[in-house]
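S.K.: Yeah, the sequence shown ends on 705 if you go by UniProt numbering, and it's all consecutive. Note that CB positions come from ideal geometry on N, CA and C, so glycine has one too.
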Amino acid sequence: VFPESDLKVTGVDFLKSQNTRQHHTDGYNIKNLVVRRGQPFQVQVSLSRELRAADKLSLRFGIGENPMKNRGSLLSLKPEREDFNGWNISVVKKNGRECLLSVTSSPNAPVGKYNLNVKTSTNIYKPENGVVYLLFNPWCEDDVVYMENEAQRKEYVLNDTGYIYVGSAYSIYDRPWNFGQFEEFVLDACMYLLDKSKLSLSDRRNPANVSRAMSALVNANDDSGVLRGDWSGNYINGTSPMDWIGSVTILQNYYKTKKPIAYGQCWVFAGVLNTVMRCLGVPCRCVSTFNAAHDTEENLRVDVYLNEKGEKLNSLSFDSVWNFHVWNDAWMKRTDLPDGFDGWQAIDSTPQEQSQGRFQCGPCPVKAVREGDVYLPYDSKFVYAEVNADRVYWVVKKVNGKEKYFKVGTETQDIGKNISTKAVGQNRREDITWEYKYPEGSKEERQSMQRAYSFIRPSGMMPRSGYASTVQTLGGVTQPLVPKEPVTKTGLHLEITNTEALHPGNPLELAITVKTSVPGNWTVDIIGSCQLQYYTGKVEANLGSIKETINLDGTSEMQIPLKIAPDAYMKTLSSVEDEVLILVTAIAEVQETNDKLTKETSMRFEYPPITVQMPETAKLYNDFTCAFIFKNKLNVILENCKLMVEGLGIFKMTTFDQGDIMPGRIMKSEIICTPTRLGEKKIVAKLISNQIKGISTEKAITIIE
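(1) Would you call the CB atoms of Ala189 and Val226 closer than 9 Å?
(2) Who are the Cβ neighbours of Leu201 in its own chain at under 8 Å, not counting the five residues just before and after it?
(3) Closer than 6 Å by C-beta to Gly554: which residues in its own chain qualify, once you throw out the five before and the five after it? Chain order, please.
(4) If you draw a straight line from the C-alpha of Ala330 to the C-alpha of Glu184, how long is it?
(5) Helix, strand or coil: which one does DSSP assign to Lys196?
(6) Within 10 angstroms of its Cβ, does Asp303 collect 16 or more other Cβ (buried), or is it exposed?
(7) Helix, strand or coil: which one does DSSP assign to Gly476?
(8) Tell me the start and end of each unbroken alpha helix (DSSP H) in the stretch 199–248 that is at least 4 residues and wholly inside, in chain order.
(9) Determine the extent of the beta strand (DSSP E) in which Trp139 is found, giving its start and end residues.
(10) Measuring only the C-alpha atoms, how far is Gln413 from Glu680?
(11) Who are the near neighbours of Trp267 in its chain, counting only those whose CB is closer than 7 Å to its CB and skipping five residues on each side?
(12) Quick one: residues in its chain with C-beta nearer than 8 Å to the C-beta of Val272, no 5 flanking neighbours on either side, listed in chain order?
(13) Under the assumption that Pro363 contacts Arg212 (Cβ atoms under 8 Å), give the Cβ distance between them as a whole number of angstroms.
(14) Considering only their Cβ atoms, is the gap separating Leu573 from Ser602 smaller than 9 Å?
(15) Just list the residues that DSSP pairs Tyr436 with in beta bridges.
(16) On a Cα-Cα basis, can you pick out the residue from Glu297, Gln352 and Pro663 that is closest to residue 707?
(17) Below 8 Å on the Cβ atoms is my guess for Lys596 versus Gly343; work out the distance and round it to an integer in Å.
(18) Ends of the alpha helix (DSSP H) at Arg153?
(19) Roughly how many whole angstroms lie between the Cα atoms of Pro207 and Ser448?
(20) Can you tell me where the beta strand (DSSP E) holding Gly520 begins and where it ends?
(21) Ignoring anything shorter than 3 residues, give me the beta strand (DSSP E) runs that lie fully in the UniProt domain "Transglutaminase-like" (258–351), in order along the chain.
(22) Assuming Lys312 and Gly340 are in contact, meaning their beta carbons sit under 8 Å apart, how far apart are those beta carbons, in whole angstroms?
(23) Quick check: what's the CA-CA separation for Val477 versus Trp394?
(24) Where does the unbroken alpha helix (DSSP H) through Asp553 begin, and where does it stop?
(25) Ordered along the chain, which non-local residues of its own chain (more than five positions away) have a Cβ less than 8 Å from that of Gly659?
(26) Would you report the Cα separation of Ala588 and Ile550, rounded to the nearest angstrom?
(27) Report yes if the CB atom of Ile701 is closer than 9 Å to the CB atom of Thr617, and no otherwise.
(28) State the DSSP-derived secondary structure class of Cys361, mapped to helix, strand or coil.
(29) Rank Glu128, Gly229 and Thr104 by C-alpha distance to the C-alpha of Leu135 and give the top, closest one.
(30) Using 8 Å for Cβ pairs, my map puts Ala270 next to Asn328. What's the rounded Cβ distance?
(31) Run the proximity test for Arg604: is its beta-carbon closer than 8 Å to any non-hydrogen atom belonging to the ligand SAH?
(32) Taking the runs of the beta strand (DSSP E) that are 3 residues or longer, which of them lie wholly in the stretch 616–690?
(33) Could you say which of Tyr173, Asn594, Ile683 and Tyr156 lies nearest to Glu698 if we only look at CA atoms?
(34) Which whole-angstrom value is the C-beta distance of Asn221 and Phe359, which I expect to be below 8 Å?
(35) What would DSSP say about Ser17, mapped onto helix, strand or coil?
(36) Which value, in whole angstroms, describes the spacing of the CA atoms of Ala389 and Tyr192?
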């Protein structure tokens with residue numbers, strides 16, 4: 001067909017199924033070839049005639065708008081030549097007009113989309129679907145994201161489902177989340193974010209730069225990124241943050257519209273950032289911290305203001321303690337830092353504070369937080385404060401018409417509790433507090449704290465609300481270097497518990513237990529209050545308070561009940577679109593010694609479960625039925641119930657409107673499922689109503705051939 005002399009390419013086979021299996025990319029739902037850097041892949045080139053020694057043949061990989069050789073954005077690879085920017089190519093075998101080539105990209109190549117074409121002397125052949133996606137490679141020892149352990153790689157790179165831990169330190173619960181990094185358009189959405197990040201080609205080599213850019217782009221604040229954050233309690237113009245059960249719909253809609261999706265709160269931001277990082281090939285996990293400090297001034301102190309009833313006041317606080325906060329850890333070697341800070345790096349896409357002029361946070365080495373090396377980039381002071389700040393309680397009293405502040409307690413061990421992530425290969429919570437902090441009171445903890453304090457200037461013990469001018473100086477007390485638990489003269493101790501299950505529609509039966517442990521006769525004034533608050537610490541409603549004086553003798557204790565009638569809280573519960581928590585605060589003061597102690601505990605409501613009925617296994621492409629059953633065991637009508645369900649590789653996110661469910665009634669919904677992928681798959685279900693927001697469940701099914 002062609003003149004003898006002229007060598008032309010007639011076709012290119014990307015050998016997709018073989019390459020993607022070897023590269024652990026066979027999950028991606030995309031026509032193109034997806035491979036990981038630093039690892040060989042093969043392409044079969046068909047030619048117009050046999051390849052001869054004198055022939056010129058080169059594979060050209062171009063990245064970006066206008067690829068150029070001198071910029072490193074155009075790689076021209078010739079078989080058996082020395083490598084080009086760390087890439088090389090070799091002939092595996094020649095068979096008549098077929099030529100099998102092996103291409104190895106550099107283990108620090110820029111990640112992104114490469115256009116492949118094949119050049120022979122004067123001809124350039126552009127194959128169909130000739131865009132190759134190149135990702136980070138945790139399986140390659142020379143890649144900075146290399147992870148040795150196969151079980152960890154399966155969890156942190158390949159697992160497309162998981163849990164995000166929420167609630168409060170007193171009652172942690174798991175929220176199932178579909179990461180869905182292999183779903184249609186998710187990889188394209190991540191590539192779009194990479195382009196939008198305006199990272200230079202050399203910055204795309206480094207996961208530290210990529211993860212920092214992604215932490216900025218997952219929120220919409222500076223750059224019309226993926227998600228708009230909203231904590232107002234009114235989400236009429238979008239999807240309530242409570243309604244999401246995974247990242248897929250969010251990223252698909254964002255990619256389709258290129259406009260921010262409404263609305264996210266911290267676990268949604270973390271779920272989406274986890275999807276993006278895993279999708280790009282960086283090992284990543286969602287991390288939940290209970291009692292996380294949002295310390296705006298990085299002075300390691302959060303002030304909480306209470307009124308004379310012991311109720312927390314919103315208006316005075318600049319800082320806050322969130323019941324929980326969720327961010328991510330990404331795994332990498334930090335080539336930009338001194339030795340010893342490789343491994344997990346905290347990144348956070350929830351827009352809290354600006355860093356270098358944008359809402360972005362991290363990567364901050366988790367080891368730097370533990371060691372107190374809070375001068376290291378990025379944002380290590382902020383992350384350190386989130387898990388290590390002290391909480392100082394002040395009561396605001398009117399004295400002669402002026403507001404005065406009285407310190408009623410300092411909690412030094414209450415912030416940064418139960419730091420949690422999903423365990424590797426198991427459906428349970430793993431506590432990783434030890435990775436972020438040394439044990440409370442240990443020698444290492446003291447050294448780490450002294451180190452951190454040398455980089456952070458803590459302020460004195462003055463309240464710092466806008467009313468600071470009216471403060472009575474407490475004898476000019478400044479903060480000691482390492483604050484100790486307050487040692488009281490009476491061994492005063494407070495505990496807050498619930499004595500009955502906290503079901504919406506029932507009275508809230510709470511109790512404050514007061515203990516003393518030193519001989520003597522003690523008169524203790526107790527103030528206790530109950531409020532509803534958002535997980536960010538913002539109070540939504542005051543439900544009731546008690547004030548009592550009790551007598552305790554030596555080592556003894558007394559339980560004081562605090563009971564809240566359903567009428568006091570049900571209206572608020574139905575009117576907010578967020579899940580709210582029950583906050584109980586107690587202040588105890590011993591008259592004889594002036595000992596003061598303040599304690600607060602947040603609890604979540606408890607709900608009846610959803611059950612999922614379906615077979616344990618099903619055959620590929622064979623329909624099966626999945627049923628969702630919920631019995632309303634509460635004493636209240638659940639209004640405007642919606643059931644959201646999603647099963648990756650089985651069915652897309654679907655919403656059923658269930659109307660109102662009366663007390664005692666059973667709801668049953670069925671969906672016909674057609675599995676399109678093999679292996680263990682999960683179905684996630686969530687029920688939302690005006691009264692309750694937090695019921696979710698999941699069930700696994702194994703799809704076989």
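M.R.: According to the data block:
(1) Reading the sequence shown from its first residue, position 189 is the one you call residue 189. Reading the sequence shown from its first residue, position 226 is the one you call residue 226. Yes, they are a contact pair.
(2) For the purposes of this step, residue 201 is taken as the residue at position 201 of the sequence shown. Closer than 8 Å at the Cβ level, and outside the excluded window around Leu201, lie Ile63, Gly64, Arg71, Gly72, Ser73 and Pro110.
(3) Residue 554 sits at position 554 when you count from the first residue of the sequence shown. Pro519, listed in sequence order.
(4) Translated into the one-based positions of the sequence shown, residue 330 becomes position 330. Translated into the one-based positions of the sequence shown, residue 184 becomes position 184. Cα-Cα distance, rounded: 23 Å.
(5) As a first step, residue 196 is located in the sequence shown; it is residue number 196 there, counting from the start. The answer is helix: DSSP assigns Lys196 an H, G or I state.
(6) Along the sequence shown, one-based indexing puts residue 303 at 303. That one is buried.
(7) For this step, residue 476 is matched to residue 476 along the sequence shown. Its pLDDT being 32, under 50, Gly476 is placed unreliably in this model, and the value from its coordinates should be taken loosely. DSSP places Gly476 in coil when its eight states are reduced to three.
(8) 207–217
(9) Locating residue 139 in the sequence shown gives position 139, where the first residue counts as 1. That residue, Trp139, is in no beta strand (DSSP E); it is neither H nor E in DSSP.
(10) Within the sequence shown, the letter at position 413 stands for residue 413. Within the sequence shown, the letter at position 680 stands for residue 680. Roughly 41 Å separates the two Cα atoms.
(11) In the sequence shown, counting from the first residue as 1, residue 267 sits at position 267. Excluding sequence neighbours, Trp267 sits near Ile164, Val166, Arg175 and Val326.
(12) If you number the sequence shown from 1, residue 272 lands on position 272. Closer than 8 Å at the Cβ level, and outside the excluded window around Val272, lie Val218, Val226, Leu227, Ser247, Ile250, Leu251, Gly264 and Ser349.
(13) As a first step, residue 363 must be located in the sequence shown, where it is residue number 363. As a first step, residue 212 must be located in the sequence shown, where it is residue number 212. About 6 Å; that satisfies the 8 Å criterion.
(14) Your numbering for residue 602 matches position 602 in the sequence shown. Your numbering for residue 573 matches position 573 in the sequence shown. Contact: no.
(15) Counted from its first residue, the sequence shown places residue 436 at position 436. Its beta-bridge partners do not exist; DSSP assigns none.
(16) This structure gives no information on residue 707, because the portion of the chain shown stretches from 1 to 705.
(17) Indexing the sequence shown from 1 puts residue 596 at position 596. Indexing the sequence shown from 1 puts residue 343 at position 343. Their Cβ separation, rounded to whole angstroms, is 42 Å, which puts Lys596 and Gly343 out of contact at 8 Å.
(18) Counting from 1 along the sequence shown, the entry for residue 153 is found at position 153. Unbroken alpha helix (DSSP H) run through Arg153: Glu150 to Arg153.
(19) Mapped onto the sequence shown, residue 207 falls at position 207. Mapped onto the sequence shown, residue 448 falls at position 448. Taking the straight line from one Cα to the other gives about 27 Å.
(20) Working through the sequence shown from its first residue, we reach residue 520 at position 520. Gly520 -> beta strand (DSSP E) spans Leu508 to Gln533.
(21) 261–264, 284–294, 301–306, 320–332 and 343–347
(22) The residue given as residue 312 occupies position 312 in the sequence shown. The residue given as residue 340 occupies position 340 in the sequence shown. Actually they do not touch by this definition, with Cβ atoms about 41 Å apart.
(23) Within the sequence shown, residue 477 is the residue found at index 477, counting from 1. Within the sequence shown, residue 394 is the residue found at index 394, counting from 1. Reliability of the predicted coordinates at Val477 is poor, the pLDDT of 35 falling under 50, and the value obtained from them is presented with this limitation in mind. Answer to the nearest angstrom: the Cα atoms are 15 Å apart.
(24) For the purposes of this step, residue 553 is taken as the residue at position 553 of the sequence shown. Asp553 -> not in any alpha helix (DSSP H); beta strand (DSSP E) instead, spanning Val539 to Ile564.
(25) Stepping through the sequence shown from its first residue, residue 659 is reached at position 659. Cβ neighbours of Gly659 beyond the five flanking positions: Asn640 and Cys641.
(26) Translated into the one-based positions of the sequence shown, residue 588 becomes position 588. Translated into the one-based positions of the sequence shown, residue 550 becomes position 550. In a straight line, the C-alpha of Ala588 is about 10 Å away from that of Ile550.
(27) To locate residue 701, count along the sequence shown from 1; it is residue 701. To locate residue 617, count along the sequence shown from 1; it is residue 617. Yes, they are a contact pair.
(28) Counting from 1 along the sequence shown, the entry for residue 361 is found at position 361. Here Cys361 sits in coil by DSSP.
(29) The count along the sequence shown starts at 1 and reaches residue 135 at position 135. Closest option to Leu135, Cα to Cα, is Thr104.
(30) Here residue 270 is taken as the residue at index 270 of the sequence shown, counted from 1. Here residue 328 is taken as the residue at index 328 of the sequence shown, counted from 1. That pair is a contact at about 5 Å.
(31) For the ligand SAH, the structure offers nothing, since it holds no ligand at all.
(32) 617–619, 624–631, 638–647, 651–661, 666–673 and 679–688
(33) Residue numbering aside, residue 698 sits at position 698 when the sequence shown is read from its first letter. Taking only the C-alpha atoms, the option nearest Glu698 is Ile683.
(34) Locating residue 221 in the sequence shown gives position 221, where the first residue counts as 1. Locating residue 359 in the sequence shown gives position 359, where the first residue counts as 1. Contact flag correct, Cβ pair sits at about 4 Å.
(35) The residue labelled residue 17 in the question sits at position 17 within the sequence shown. It is helical.
(36) Taking the first residue of the sequence shown as position 1, residue 389 is located at position 389. Taking the first residue of the sequence shown as position 1, residue 192 is located at position 192. If I take the Cα positions, the gap works out to 38 Å.
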